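Participant: So the protein sequences, as listed, match chains G and F. Here the first sequence is numbered in the working numbering, starting from 1 and rising by one per residue. Here the second sequence is numbered in the working numbering, starting from 10001 and rising by one per residue. Ideal Cβ positions, reconstructed from N, Cα and C, are used throughout, including at glycine. For clarity, every value in this text was computed on a predicted model and none was experimentally measured. Supplied in structure tokens, the structure appears directly below.
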Amino acid sequence: MSEHIEAALVLADGAVFRGTALGAASDTWGEVVFNTSMTGYQEMLTDPSYAGQILVLTYPLIGNYGIDPPIDESRQIQVRGLVVRSECDSPSHPRGGMRLHDYLASAGIPGIAGVDTRAITRRIRHEGVMMGMIVPVDEIQSAQQHLSDLPAYDTQDFIDVGVSEPYSWRDGGPQALVNGAGETGPHIVVLDEGLKYNILRNLRRRGCRVTAMPPSAGVEDILSVNPQGVLLSPGPGDPQLRELQVQTATSLIGKLPIMGICMGHQVLGRSFGADTFKLKFGHRGGNHPVLEVPTGRIAITAQNHGYAVDPDGLQADVEVTHINLHDQTVEGLAHRTEPVFSIQYHAEASPGPLDNGHLFDRFLDLIESVSGAQGD
Amino acid sequence: MDVVNVKTPESVLIIGSGPIVIGQAAEFDYAGTQACKAMTEEGVRSILVNSNPATIMTDEGVADAVYIEPLTVPVLRRIIKKERPEGLLPTLGGQVGLNLAVDLHEAGVLDEFNVRLLGTPLDGIRKAEDRELFRTAMRDIGEPTPPSAVVNSLAEAREALEEIGLPVAIRPAYTLGGTGGGFVRTMEEFERVVQTGLDASPITQVLVERSLLGWKEVEYEVMRDGADTCITICNMENLDPMGVHTGDSIVVAPSQTLSDKDYQMLRSASLNIIRSLGIEGGCNVQLALAPRQDVVAWPPESMREGGGVGVPHDEPLPYYVIEVNPRVSRSSALASKATGYPIARVAAKIAAGKRLDEIANQVTGRTQAAFEPALDYCVVKIPRWPFDKFEAGDRVLGTQMKATGEVMAIDRTFEAALQKAIRSLEFGGRTVLWEDSEAEAEPIKAAETPTDIRLWHLLGAVRADISLDEIAQRSGVDPWFLERLETIVKMERRLLAEPLTPDLMRRAKRLGFADEQIANLAGSVDERIREQRLAWGIKPVYKMVDTCAAEFDAVTPYFYSTYEVENEAEPEQGKRALVVGSGPIRIGQGIEFDYASVKAAQALRSAGWGAVMANSNPETVSTDFDTSDRLYFEPLDEEAVRDILENEDGGLNGNGGNGEVASILQFGGQTAINLAGPLTSAARPILGSSADVIDLAEDRKRFERFLADLGIPQPPGTAVSSVDEAVLAADAIGYPVLVRPSYVLGGRAMEIVQGVGDLARYVTQAQAAAPGKPILIDKYLAGIEVEVDAICGGVDDDAVLIPGIMEHIERAGVHSGDSMAVYPAPNLREGEIETLIEYTRQIGIGLGVAGLMNIQYVIMRELEERDGDVFVLEVNPRASRTVPFLSKVTGVPMVEVAVRAMLGEKLSDQGYPSGLWPSTPLVAIKAPVFSMSKLSGVDTHLGPEMKSTGEVMGVDTDYDKALNKALIAAGMAVPAKGRALLSIADQDKPRAMTLIRELGEAGYELHATVGTASLIRGLGYEVHEAPKREVGGDPDVIDLIRSGQIDMVINTPEQISSNIRDGFHIRRAAAEQRIPCFTSIDTAHHAVGAMLEGGADYHIAPLPDYTAGRV
């Protein structure tokens, strides 16, 4: 084993955490966030919602079961950098042969290992999320100066994280757009602002025809393919910068059943008149309890978001259906009369608990009831 | 929200788990105590029943009504009739509690008194407990169980195999211990074993089951509330693959080799299962997950397509549901401590009608119990086996659990947590570096068999440079774990080869290397390494167990050490002291010491001091973060304890104080006491008796001189170091003599020797085991053994309070931990008691004891009409195992009084006089409980070596009732009528005559071996002679016991070695048949007496009613 190269994570508040370099030998910068899931590092690394962010994993032993490329959640690693306490250089799993380090290196993504990730997490929890850099140790000083010049996460437009061209989802992966004529099952348009493939797998498993469209797709583009429903997907960045998608959503309400997930939920919230705001350190993990208001039942959910919907401005015909029990923030909305609902958390899991797949069923039920009504 | 929950009962009966036995240890004291607290918080009246006095749950103030009574249906019926509880909480008292709940239902008691079963519905219990119902229930919800078939012929077996596939396990029906069955991998083996199995089965039937040997074993702890919200608290992965009982497995939390896909798949299965069983509360699900196919081949060869190694990517890994425990369990205690999530407390609240989102998360203080803990560390549990005590025991691990206790360690890497856990085992100096000399020749062979030392065999194989792939294949252990062991071995090599630098030291510490290990490898000494380490600024920081991976601020001061950057356990201001706990439960150091540690922490807090607790045992109340102001989950060795103390010091210094945090060592058994010397050498203050006091009591020479100066007699004895010296000494002292090695305490390897032949054998063996170490020979005095616990006032207080005197039923020679002890002493004379008080006072003051002290005396009456002579056998300047028993029956809060004395409060100021505390108007008897049916190969006869794992108490208004209850509670109840087998050693025959007459007169059917039979005939009673096995009778005496034709065995061992074997088999057969077996004439005599003298007519009452004389 070669000698470890020393690296450091430098935070915007001046804190420095020294460790060893992991993955690609390059510098990186981004908003530093933490996720408390104990499994699912590969799914997190490839989750487009982490674009622009350096991900700190609070679970200390990462890479134990290796990397299994077919379970990637998007076309590439999406995080800007990875911070772990220990990286496993000898993974063991019936499927995951590849080592985490090699996976990061081959994708050109740097990381750092051997740091006190709990201390970093506590700092972020107390101070809020902040920008940070992973650099070689001899660049610590310059990084500290450089950090103040970096563009704030909230000002960055991550629109390019979504796709630029529409595509179809077939079993196994994305494919060039096909005319789905002759295929059965409801046709869903998914506005891909940076979605995880498992959303599409979930729809597909339920017999849907799936067409993904870029976030720039307008109402006409969407309606032109005759979908039975629209899913507004998760994605990175501040929802305030998604005015176009908010307008699209607003126009679609009343025309088609809509389901929003994460960013899609925030976009819907804004189209319902609400504002969105940044959370101090976000919700990222697989253990958040969410109260389903109408039933009183609690769901354990997978979460990854830094912003939330402020319920104050919501129009009267929209109700808050889900509440995060940790901080009482909005986790779900539903229109009282239109077939439109949204959730802040990730029904598609991956990583995270599989308890919430029924939300896709709910979406399909809505579609069916609308289609059924139209058919009469 | 003011939601009034209609379901909340007004009162609840909680059934404890009874005595500590293998498979059911302190975890249920923790669970029950939590449940009682939860009931109090919910405003529900709690009624607790347990037969085990050494528990916190049976302490005053934990439950609203406490019954220390036998756990039987008739007893519980009487309690239910009297207390009329609205609900019964059956899921917190282990299997004992669960079984009793079912029995109470089946006996119609629950219906008769309108008692509602809370938590798990009866139907759910049945589905979980009954194999066939369970399989059906799992099939109904689509959860896979291992395929199996019951067959009656080889042809049927062949047919079944096509579905099931090799490898399979064959289990013949109705054979004892699975004789005739086995594990088969090939077709030839299959045909042969099925045939043998069919032949062995009296009904020609075998079970053919898909073998999962070598599959990964994974557990989930699951909770569900009445609103159907389901969560998992923790998952755990066993290092030992399937085939070893999970209680005997090394366990890691959370799972390490499961991908998110695997983790979530098994999590969902576990949630499905708890839903289908309708459990409201906690449950434990055990699953088997397919391992790497290069480690264990699966699916069976016959079913594999193409023979590829990989599994198709869109297919999830195969798994099977193995077992469900519809209650809190040992695993849930472990999971509670591993995560900080109080499973028992939450389960109890759910049973009382609360929803998960209505229960606060105590750890954060601001979130609810409705979430899943996130760990940011790694937890390792290692079982603690009793094979240091039972060298003859069968060490191979399988489906029968053998461990008495366990340790847990937390760190940020597996390597470090594992190494800390090994340090916590306190297994006779066996560090990570220990090597099994017997395994050296073929290390890989040794690693194949799961035993208590397989971990060391695996390390040995790694050190022998055997490829990890091969070790994985031969042992079934996942390569991930082996890689971690290799990391440790690589560091060992670096430490051996390289000069110690700050960088190397830091790396070693981060991998969990103890200073002692580093010293060994680097050729230095511990203290030097410690100094060097601190000089380099390498010291541990302490991180919090907070349930949420630092996502929220937590208020719970529960810490573990690690070598990282940020320390979260900043020293606090104010007076405080460290209570050192007692580590894993083992024979000789049981739950009694956890009781004392908990009480010590409570006493400190009530005296206005901060209580800091250190312990390594996850099953305990002491490691409940509620017990102390700060909990350090750490090994209890010098390094860890000094590190904790140094971390705690800062506050006082910062406060301008000059003191350092002191340690309290007298409550944690020998584990804590052993630290007195090292801590004193390190100039650390100790509260209570000093290291010198302890040394004075433990050093034979010093202690002899001390007693001689006081004029207090001891049985004559001396130390020898050769056979010749031994024979001379024994001749001078006179046989019988008590012999023991000088280098271990607590009855280990002690024997009573009757003659020169056995003496020579003993000395020769002991010399071989520990060359050069002296052997102690004492006169064996077969008198009345008496035990005294006392509290000494300490520095400026010469008061010595004796809360009570206990008399043993067995004469001296049986280890005090295995004796039945009676309070108040029934047969002592006033003059003898006065001597006991005076000696105790003189010894306490003379030694300079501050706090608790235990003295064992023997009283020899030369003439029956005169007071006997009192001899001192042993003084322990620490809390003894009788402290909880005596505290409860005397009403003196012994630990609290002792702690206050240590803190400088005079006994008189506490309201306690010097001398003997007046007896309470009750009779209480402490009886030992053994786990012998679980430890094959271990002889069950009572002797100077302690063998019991737990204890029960029988309390009543008179001796016979109390004794009868103690025996019922201990599972040793003498049947009122029935068949007794007697096999009495020659030296005991004179004393057995009264007993024989009593049995004969009472109309017992007597069976006996040859010699005893002629004695019985001689006394004029009818007797069936049972041929000894060595004579070759058919059926012989062993067959008689095994076929269920005997209800009680009285067998005393011959001292002459040649006869040992038959007696051994008789006792083993009785243990396995689970019938009472008395190996002391004294015990048998008293037990039969109690039965015949109206002991069956016992009372049932809450403990305070007995102490106050209200019964």
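For A10370(F), return the contacting residues in chain G, with the cut-off set at a CB-CB distance below 7 Å.
Facilitator: Looking up residue 10370(F) in the second sequence gives position 370. Neighbours of A10370(F) on chain G, chain order: P289, I298, L325.
Participant: Among all the DSSP beta bridges, which residues are the ones paired with T211(G)?
Facilitator: One-based indexing of the first sequence puts residue 211(G) at position 211. For T211(G), which the question treats as bridged, DSSP gives the partners S168(G), V189(G).
Participant: Taking the C-alpha atoms as reference points, what is the distance between A10417(F) and V10251(F)?
Facilitator: Against the second sequence, residue 10417(F) aligns to sequence position 417. Against the second sequence, residue 10251(F) aligns to sequence position 251. The alpha-carbon atoms of A10417(F) and V10251(F) are separated by roughly 11 Å.
Participant: Using a C-beta cutoff of 8 Å, does T321(G) count as contacting chain F?
Facilitator: Reading the first sequence from its first residue, position 321 is the one you call residue 321(G). It does not; no Cβ of chain F falls within 8 Å.
Participant: Just how far apart, CA to CA, sit V10952(F) and V10938(F)?
Facilitator: For this step, residue 10952(F) is matched to residue 952 along the second sequence. For this step, residue 10938(F) is matched to residue 938 along the second sequence. Roughly 22 Å separates the two Cα atoms.
Participant: Grab the span of the beta strand (DSSP E) containing D10123(F) for me, first residue to last.
Facilitator: In the second sequence, counting from the first residue as 1, residue 10123(F) sits at position 123. Looking at the DSSP string, D10123(F) is not in any beta strand (DSSP E); the run it does join, the alpha helix (DSSP H), is 10122-10129.
Participant: So, using beta-carbon positions, are S10475(F) and A10441(F) closer together than 8 Å?
Facilitator: Walking along the second sequence from the start, residue 10475(F) turns up at place 475. Walking along the second sequence from the start, residue 10441(F) turns up at place 441. Going by C-beta atoms, S10475(F) is not nearer than 8 Å to A10441(F).
Participant: Residues of chain F with CB closer than 8 Å to the CB of S49(G), please, in chain order.
Facilitator: On the first sequence, residue 49(G) is found 49 positions in, with the first residue counted as 1. Within 8 Å Cβ-Cβ: nothing; S49(G) doesn't reach chain F, min ~16 Å.
Participant: Under 7 Å between beta-carbons, which chain F residues line up against D116(G)? List them in chain order, please.
Facilitator: To locate residue 116(G), count along the first sequence from 1; it is residue 116. Result: E10564, V10565, E10566.
Participant: Measure how close the beta-carbons of V10897(F) and I10791(F) come, nearest whole angstrom, since I'm counting them as under 8 Å.
Facilitator: To locate residue 10897(F), count along the second sequence from 1; it is residue 897. To locate residue 10791(F), count along the second sequence from 1; it is residue 791. With 8 Å as the limit, V10897(F) and I10791(F) qualify as a contact, their Cβ atoms being about 5 Å apart.
Participant: Have a look at H335(G) and I222(G) and give me their C-alpha separation to the nearest angstrom.
Facilitator: Locating residue 335(G) in the first sequence gives position 335, where the first residue counts as 1. Locating residue 222(G) in the first sequence gives position 222, where the first residue counts as 1. Each residue's alpha carbon lies about 21 Å from the other.
Participant: Which word fits N10658(F), buried or exposed, when buried means at least 16 other C-beta atoms lie within 10 angstroms of its C-beta?
Facilitator: Within the second sequence, numbered from 1, the residue matching residue 10658(F) stands at position 658. Here N10658(F) scores only 49 on pLDDT, less than 50, and its place in the model is too uncertain to base an answer on.
Participant: Straight-line CA distance for V10168(F) to I10322(F)?
Facilitator: Stepping through the second sequence from its first residue, residue 10168(F) is reached at position 168. Stepping through the second sequence from its first residue, residue 10322(F) is reached at position 322. One C-alpha to the other measures close to 15 Å.
Participant: Unbroken alpha helix (DSSP H) runs of length 4 or more, entirely within the region 10862-10910 of chain F: which are they?
Facilitator: If we require 4 residues or more, the alpha helix (DSSP H) runs fully inside the region 10862-10910 of chain F come out as 10883-10890, 10894-10902.
Participant: Within 10 angstroms of the Cβ of S342(G), are there 16 or more other Cβ atoms? Answer buried if so, exposed if not.
Facilitator: Along the first sequence, read from residue 1 onward, the residue named residue 342(G) stands at position 342. Under this definition S342(G) is a buried residue.
Participant: For a cutoff of 8 Å on Cβ pairs, would you count H358(G) as touching chain F?
Facilitator: Translated into the one-based positions of the first sequence, residue 358(G) becomes position 358. No, H358(G) lies away from the interface with chain F (no Cβ there is under 8 Å from its Cβ).
Participant: So which of W10480(F), T10449(F), E10832(F) has the shortest CA-CA distance to E10415(F)?
Facilitator: Position 415 of the second sequence, counted from the first residue, corresponds to residue 10415(F). The residue with the shortest Cα to Cα distance from E10415(F) is W10480(F).
Participant: Go through its chain and collect everything with a Cβ distance to G87(G)'s Cβ below 7 Å, but skip five positions before and after it.
Facilitator: Here residue 87(G) refers to the residue found at position 87 of the first sequence. As written in the sequence, residue 87(G) is Glu, which differs from the Gly given in the question. So the qualifying residues of the chain are L22, I62, G63, L100, H101, A113.
Participant: If you scan the region 10338-10385 of chain F from start to end, which runs of the beta strand (DSSP E) of 3 or more residues do you find wholly inside it?
Facilitator: For the region 10338-10385 of chain F, whole beta strand (DSSP E) runs of length 3 or above, ordered along the chain, are 10378-10384.
Participant: On the DSSP letters alone, give me the boundaries of the alpha helix (DSSP H) that H101(G) sits inside.
Facilitator: For the purposes of this step, residue 101(G) is taken as residue 101 along the first sequence, with counting starting at 1. First-last of the alpha helix (DSSP H) with H101(G): 100-106.
Participant: Using a Cβ-Cβ cutoff of 9 Å, what residues of the region 10274-10287 of chain F are near chain G? List them in chain order.
Facilitator: Listed in sequence order: no entries.
Participant: Within the continuous alpha helix (DSSP H) that includes Q144(G), where are the two ends?
Facilitator: Here residue 144(G) is taken as the residue at index 144 of the first sequence, counted from 1. Note, Q144(G): alpha helix (DSSP H), 140-147.
Participant: Between S10046(F) and V10102(F), which are expected to be in contact by the criterion C-beta below 8 Å, what is the C-beta distance as a whole number of angstroms?
Facilitator: What you label residue 10046(F) is simply residue 46 of the second sequence in a count that begins at 1. What you label residue 10102(F) is simply residue 102 of the second sequence in a count that begins at 1. That belief does not hold up - the Cβ atoms of S10046(F) and V10102(F) are roughly 21 Å apart, past 8 Å.
Participant: Heavy atom of the ligand ATP less than 7 Å from the Cβ of A10065(F), yes or no?
Facilitator: In the structure shown, the ligand ATP is absent, as is every other ligand, since no ligand is present at all.
Participant: Less than 8 Å separating the beta-carbons of V10612(F) and E10638(F)?
Facilitator: If you number the second sequence from 1, residue 10612(F) lands on position 612. If you number the second sequence from 1, residue 10638(F) lands on position 638. Cβ atoms of V10612(F) and E10638(F): not closer than 8 Å.
Participant: L10414(F) versus chain G: which residues are under 8 Å apart at the beta carbon?
Facilitator: Counting from one through the second sequence, the residue named residue 10414(F) turns up at place 414. As written in the sequence, residue 10414(F) is Phe, which differs from the Leu given in the question. Those within 8 Å of F10414(F) in chain G are L61.
Participant: Using beta-carbon positions only, say whether F272(G) and L325(G) come within less than 8 Å of one another.
Facilitator: Mapped onto the first sequence, residue 272(G) falls at position 272. Mapped onto the first sequence, residue 325(G) falls at position 325. Cβ atoms of F272(G) and L325(G): not closer than 8 Å.
Participant: Any C-beta of chain G within less than 7 Å: which residues of the region 10474-10504 of chain F qualify?
Facilitator: Cβ contacts with chain G come from D10478, P10479, W10480, E10483.
Participant: Run the CB neighbour count on M11123(F), radius 10 Å, all protein chains shown included, and call it buried at 16 or more, exposed below.
Facilitator: An answer regarding residue 11123(F) cannot be provided, because it is not within the stretch 10001 to 11111 covered by chain F.
Participant: Please go through the same chain and pick out, in chain order, the residues whose beta-carbon is closer than 6 Å to the beta-carbon of A10269(F), but skip the five residues on each side of it.
Facilitator: Position 269 of the second sequence, counted from the first residue, corresponds to residue 10269(F). Correct list, in chain order: E10143.
Participant: Find the nearest neighbour of I10538(F) within the set D10956(F), R10084(F), R10507(F), judged by alpha-carbon distance.
Facilitator: Position 538 of the second sequence, counted from the first residue, corresponds to residue 10538(F). For I10538(F), the nearest C-alpha among the options comes from R10507(F).
Participant: Strictly under 8 Å for the Cβ-Cβ distance: is A7(G) near chain F by that measure?
Facilitator: Within the first sequence, numbered from 1, the residue matching residue 7(G) stands at position 7. No, A7(G) lies away from the interface with chain F (no Cβ there is under 8 Å from its Cβ).
Participant: Any chance you could list the beta strand (DSSP E) runs of at least 3 consecutive residues sitting entirely within the region 10129-10175 of chain F, in chain order?
Facilitator: With a minimum length of 3 residues, the continuous beta strand (DSSP E) runs that stay inside the region 10129-10175 of chain F are 10148-10151, 10168-10172.
Participant: Count Cβ pairs between the region 10033-10047 of chain F and the region 10107-10116 of chain F that sit closer than 8 Å; are there 3 or more?
Facilitator: In short, these stretches do not touch, since the Cβ pair count stays below three.
Participant: So S10332(F) packs on N10272(F), CB below 8 Å; how close in whole Å?
Facilitator: The sequence position of residue 10332(F) within the second sequence is 332, counting from 1. The sequence position of residue 10272(F) within the second sequence is 272, counting from 1. Contact doesn't hold; Cβ gap of about 19 Å is too wide.
Participant: List the residues that DSSP assigns as beta-bridge partners of H288(G).
Facilitator: Working through the first sequence from its first residue, we reach residue 288(G) at position 288. Answer by DSSP bridge pairing, in chain order: T301(G).
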